[in-house]
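Chemist:
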Amino acid sequence: MKLVNFVVATLIFGSVAVAGPLEKAVIDNVSKNVILQTYADLAARSADMLVAVKNLEAVRTQENLVKAQQSWIAARIPWEASESFLYGPVDSLGIDPMIDTWPLSRIDLDSVLNSGQKITTEYVRPLGVNLQGFHTLEYLLFGNGIDSNTKDIASFTQQQFDYLIATATLQAEYTHKLHYAWTTQADPDDASMPGYIDVISKPGLDNPIYSSEQAVMFEYVNGILGILDEVANGKLSDPLGGDISHANVELVESPYSWNSLADFENNIRSVYNIYTGTYGTHKGTGLKDVIAQTNPELANRVEQRILQAMQKIKNIGGANNMPYNKAILNEQGRALATEAINDLNGLFQLVESEVLPLFQ
Amino acid sequence: MKISLLLAFIFLSINSQAEIIFDDSYVLQRNLGGEGSFVANFGSVVSFKQPVTTMSPELQEKHITGDGLFEKNFSDDPTRSDYGLGPAYNNISCASCHIRDGRGSLPVVNNNTWTKLGQNEAIFLRISIEPKVNAYVANALHGEPLPVPGYSTQLFHLGSYHLRKNAPNVGQAEVWMKYEYTNFTYADGQVVKLKKPIFEIRNPYDLSTDESGQTTSRIYQSDVRMGPRMTPPMIGLGLLEAIEQKDILALADRDLSAWGVKGRPNWVYDVEKQKNNFVNVYSLGRFGLKANTPSVLHQGLGAFRGDMGVTNSFFPEESIAGTPLIESILPSLKKEVNISDEDALNVVFYSQTLAVPSRRQGYLEADIISGGKTFKTVGCANCHQPEFVTGQHSIEALSYQRIAPYTDLLLHDMGEGLSDNRRDFQASGRDWRTRALWGIGLTKTINARGGFLHDGRAATIEEAILWHGGEAQMSRDKFAALPAAARTEVIKFVNSL
Chain A
153 MKLVNFVVAT
163 LIFGSVAVAG
173 PLEKAVIDNV
183 SKNVILQTYA
193 DLAARSADML
203 VAVKNLEAVR
213 TQENLVKAQQ
223 SWIAARIPWE
233 ASESFLYGPV
243 DSLGIDPMID
253 TWPLSRIDLD
263 SVLNSGQKIT
273 TEYVRPLGVN
283 LQGFHTLEYL
293 LFGNGIDSNT
303 KDIASFTQQQ
313 FDYLIATATL
323 QAEYTHKLHY
333 AWTTQADPDD
343 ASMPGYIDVI
353 SKPGLDNPIY
363 SSEQAVMFEY
373 VNGILGILDE
383 VANGKLSDPL
393 GGDISHANVE
403 LVESPYSWNS
413 LADFENNIRS
423 VYNIYTGTYG
433 THKGTGLKDV
443 IAQTNPELAN
453 RVEQRILQAM
463 QKIKNIGGAN
473 NMPYNKAILN
483 EQGRALATEA
493 INDLNGLFQL
503 VESEVLPLFQ
Chain B
5 MKISLLLAFI
15 FLSINSQAEI
25 IFDDSYVLQR
35 NLGGEGSFVA
45 NFGSVVSFKQ
55 PVTTMSPELQ
65 EKHITGDGLF
75 EKNFSDDPTR
85 SDYGLGPAYN
95 NISCASCHIR
105 DGRGSLPVVN
115 NNTWTKLGQN
125 EAIFLRISIE
135 PKVNAYVANA
145 LHGEPLPVPG
155 YSTQLFHLGS
165 YHLRKNAPNV
175 GQAEVWMKYE
185 YTNFTYADGQ
195 VVKLKKPIFE
205 IRNPYDLSTD
215 ESGQTTSRIY
225 QSDVRMGPRM
235 TPPMIGLGLL
245 EAIEQKDILA
255 LADRDLSAWG
265 VKGRPNWVYD
275 VEKQKNNFVN
285 VYSLGRFGLK
295 ANTPSVLHQG
305 LGAFRGDMGV
315 TNSFFPEESI
325 AGTPLIESIL
335 PSLKKEVNIS
345 DEDALNVVFY
355 SQTLAVPSRR
365 QGYLEADIIS
375 GGKTFKTVGC
385 ANCHQPEFVT
395 GQHSIEALSY
405 QRIAPYTDLL
415 LHDMGEGLSD
425 NRRDFQASGR
435 DWRTRALWGI
445 GLTKTINARG
455 GFLHDGRAAT
465 IEEAILWHGG
475 EAQMSRDKFA
485 ALPAAARTEV
495 IKFVNSL
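Residue numbers (my numbering), protein chains in the order written: chain A, 153 to 512; chain B, 5 to 501.
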């Protein structure tokens, strides 16, 4: 019977490559030096942001406000650069909505600030996901984003400072939990569960989630496809509308800091990181190296298209470096946004039609 | 379908011992969702997020449009275009509960202390009252759940910040949870630890003090029934809808008395019939954990209004309409429904057209095939019906498909251990609709903490099997009596689906 099954299995799965040392090296590098390092930076920079907002509250100067704003932008980079690998604890522990729900509820936030309640971490903790996380911090630090992306330090109230510290405390807590779940214990309720790094970097028949190296790389590619689609057809397209009269600035993510285009570029940076095994100055092996074994031309072409897509997003701001909530109200900005969307969709098609089948 | 049939042919042709007879061919079927299955050798976190592959490009686009609304976070700010959330709700988007279109998970409960359901939970409580029989007949001829006065038939643990002055972001009441633990011991001495979530309601909005100084709330009265509901996966719903009613009712007519099994249909309120002025507004229940809704439209748009407070033309009233809780906030609510019919129907279409993933690499291994055969011999397949051919559906790609959902869509008494003691049309507290098993082996790939059964209590397939009682008791016992290796084979087979 086993022989018969083997024959049938060979007929069906004959096209699947057997994982070799390179595949193992790619998984090891991407998991440890890209994914884990991204989460380590997210946790560290979120902790830095908490320090910065505490400093701001202690010494209320415009200079400290700028430092706090910069700490937000710095923490935002690894988060956005994690969005091509939104699998594992970020989902199963519900951390994504806790730290990055968009839109925030400004009407409720104003209610909290005007409520006369003493605002503490424990007061904010059970509030809605739309009253916590990056965008709540962003609104408090940068203002409403309509005419500028900063505010006067004199405009802050004590309630706003208290809310900033409470939210930044929770942000640091959640991002630390996320990092811990990857390094040490993926499920806080299950002490037998190792860190998710072990789950994803040690595939095999005894692994409940990833049965083989190909399964892990299939996950990588699907993660890449997911964020390419979301940036093109959600983050960029939704606010753009069919024409300028249907542009909707309400739908632009990160509008208060005017950081939207940097967010989107970092989303595609995360694609680049997984694809090439790169993180910052670190350069290891990535999906590209596996593809290059059999098709170096395709491997290079995909890399160039990823870099091109990042550049197209950067271009949307034009010479004046317009934020996306302004660009969608400007004919040139709209044209450049459409170009970036088309480019991203082209990259999606390329990955879906030529890369995914290699790992499917 | 073609690949599966080819496989069966190959297998039958080269298996000289002919151990696999046609009746067991389900163990060989790879594309459980018919020709439109999403075929892949491996699972992925997006395995449940794929459209039915045989749809036209135009319908694929429509699916993607619906996906956008499924993922959309609603706001309770009436000045925004995405307004519609609340004022009382359980979550802010469909996708927040249906995590990547898969099962939800229970909250993290550190050291098993009472833990408050917070934001972004994939579980809520259904509630209703159980009056005396005469009153029941008078008020609910078809067994409709009767709303708890001042509440509804669902407990909303979240609310807009300004809904309750002294309880920010709390809805009708807080819900707290922890676990009760028991052990199951096999005859061979192996022990499996089982856990069951238990719930406590605190801080209800109508808490008052009577003349004797006792605090009370309508939700604490003895006639109130409540049952937890964990979000199920979204795949294959249109295919389940396409199964012909006569085929489901035929399964109810089978004589499985030797197994102690008697599947029953649930006949339930149908909002589409109501909207189209039918005299009889009841249909066969297919969806919901007690088969308490008849269609994807009814289930989905009811959840929009119920779970999120997003009203639509099928469910135009706010979920807490007519209760004192809404009065203070009523002037600030917009009068018109929150989403257009076009948007609503796009989401329904999305929900109907999520493909069932194929079985993955290794599904033809000998131990899995053996486990599949045992699956039938111990009686699992009595209810987890593996074979249907769909009838005609308005979405052509769903019509006339050979599918293997592993459900009979019927109600079964599952015993006291799973009972929520709450009636839902003809379903008693002990009755649950047989869960579809297609795609179940990808549960942990999609959500590593994803839980099985109606309240997500079972962390593994084995735990889920061991909770089976009532009509499934005999099968559960037969499974438990198997040698450990055979039990493992059955579990591997289920995980291969």
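Where a beta carbon is used, it is the ideal one built from N, C-alpha and C, also for glycine.
Keep in mind it's a predicted model, so treat the numbers as computed, not measured.
When DSSP builds the beta bridges, which residues end up paired with residue 187(B)?
Modeler: 197(B)
Chemist: Excluding five sequence neighbours on each side, which residues of the same chain lie with their C-beta closer than 8 angstroms to the C-beta of residue 172(A)?
Modeler: none
Chemist: In chain A, what lies closer than 9 angstroms to residue 449(B) by C-beta?
Modeler: 239, 360, 361, 362, 367 and 371
Chemist: Please classify residue 416(B): does DSSP put it in a helix, a strand, or coil?
Modeler: strand
Chemist: Can you pull the chain A residues whose beta carbon is under 8 angstroms from the beta carbon of residue 120(B), in chain order?
Modeler: 278
Chemist: Have a look at 371(A), 290(A) and 417(A) and flag the residue whose alpha-carbon is nearest the alpha-carbon of residue 463(A).
Modeler: 417(A)
Chemist: At the 8 angstroms Cβ level, is residue 289(A) part of the contact set with chain B, yes or no?
Modeler: no
Chemist: Residues in the same chain with beta-carbon distance under 7 angstroms from residue 407(B), minus the five sequence neighbours each way, listed in chain order, please.
Modeler: 36, 37, 38, 243, 392 and 394
Chemist: Quick one: does residue 263(A) have its CB under 8 angstroms from some CB of chain B?
Modeler: yes
Chemist: Any beta carbon from chain A within less than 8 angstroms of residue 104(B)'s own beta carbon?
Modeler: yes
Chemist: Threshold first: 4 residues or longer. Then list the alpha helix (DSSP H) segments lying entirely within the segment 32 to 89 of chain B, N to C.
Modeler: Correct list: 61 to 75.
Chemist: Is the Cβ of residue 172(B) closer than 8 angstroms to any Cβ of chain A?
Modeler: At least one beta carbon of chain A lies nearer than 8 angstroms to the beta carbon of residue 172(B).
Chemist: Locate the alpha helix (DSSP H) running through residue 132(B), then write down its first and last residues.
Modeler: No alpha helix (DSSP H) contains residue 132(B), which is instead part of the beta strand (DSSP E) from 127 to 133.
Chemist: By DSSP, does residue 496(B) sit in helix, in strand, or in coil?
Modeler: helix
Chemist: Could you confirm whether any beta carbon from chain A is found closer than 8 angstroms to the beta carbon of residue 492(B)?
Modeler: no
Chemist: Report yes if the CB atom of residue 256(B) is closer than 8 angstroms to the CB atom of residue 269(B), and no otherwise.
Modeler: yes
Chemist: For residue 61(B), verify whether its CB is less than 7 angstroms away from any heavy atom of the ligand SAH.
Modeler: Judged by which ligands are present, the structure shown has none, so any question about the ligand SAH falls away.
Chemist: So which of 318(B), 428(B), 60(B) and 178(B) has the shortest CA-CA distance to residue 224(B)?
Modeler: When each option's Cα is compared against that of residue 224(B), the closest is 178(B).
Chemist: Helix, strand or coil: which one does DSSP assign to residue 462(B)?
Modeler: Three-state result, residue 462(B): strand.
Chemist: Which residue marks the beginning of the beta strand (DSSP E) containing residue 231(A), and which one marks its end?
Modeler: Judged by DSSP secondary structure, residue 231(A) falls outside any beta strand (DSSP E) and instead within the alpha helix (DSSP H) spanning 214 to 232.
Chemist: Output the distance between the C-alpha atoms of residue 284(B) and residue 277(B), rounded to the nearest integer angstrom.
Modeler: 8 angstroms
Chemist: I need the DSSP call for residue 431(A), collapsed to helix, strand or coil.
Modeler: Under the three-state reduction of DSSP output, residue 431(A) falls in the strand class.
Chemist: Which residues in the same chain as residue 458(B) place their Cβ atom closer than 8 angstroms to its Cβ, once the five residues preceding and following it in sequence are excluded?
Modeler: 231, 232, 233, 234, 293, 422, 424 and 436
Chemist: Using a Cβ-Cβ cut-off of less than 8 angstroms, list which residues of the segment 415 to 436 of chain A approach chain B; keep chain order.
Modeler: none
Chemist: Do you know offhand how far residue 265(B)'s Cα is from residue 258(B)'s?
Modeler: 9 angstroms
Chemist: Does the CB of residue 26(B) have a neighbour CB from chain A at under 8 angstroms?
Modeler: For residue 26(B), the predicted model reports a pLDDT of 44, less than 50, meaning its position is unreliable and no value from the coordinates is stated.
Chemist: Could you tell me whether any Cβ in chain B is nearer than 8 angstroms to the Cβ of residue 258(A)?
Modeler: yes
Chemist: Which residue's Cα is closest to the Cα of residue 494(A): 288(A), 292(A), 207(A) and 461(A)?
Modeler: When only C-alpha atoms are compared, the closest one is 461(A).
Chemist: Enumerate in chain order the residues of its own chain whose CB-to-CB distance from residue 366(B) is below 8 angstroms, with the five nearest sequence positions on each side excluded.
Modeler: 372 and 500
Chemist: Leaving out the 5 sequence neighbours to the left and right, which residues in its chain are closer than 7 angstroms to residue 390(B) when beta-carbon positions are compared?
Modeler: 30, 408 and 410
Chemist: Given that a residue counts as buried once 16 or more other Cβ atoms are within 10 Å of its Cβ, and exposed if not, what is residue 191(B)?
Modeler: Counting other Cβ atoms within 10 Å of its Cβ, residue 191(B) stays below 16 and is therefore classed as exposed.
Chemist: Please list the residues of the segment 315 to 338 of chain B that have a C-beta atom closer than 7 angstroms to any C-beta atom in chain A, keeping them in chain order.
Modeler: none
Chemist: On the three-state DSSP scale, how would you describe residue 193(A)?
Modeler: helix
Chemist: Taking the Cβ atom as the reference point for each residue, do residue 377(A) and residue 503(A) lie within a distance shorter than 8 angstroms?
Modeler: Yes, the Cβ-Cβ distance between residue 377(A) and residue 503(A) is below 8 angstroms.
Chemist: Can you name the start and end residues of the alpha helix (DSSP H) that residue 231(B) belongs to?
Modeler: Residue 231(B) -> not in any alpha helix (DSSP H); beta strand (DSSP E) instead, spanning 228 to 234.
Chemist: Is the Cβ-Cβ distance between residue 439(B) and residue 47(B) less than 8 angstroms?
Modeler: no
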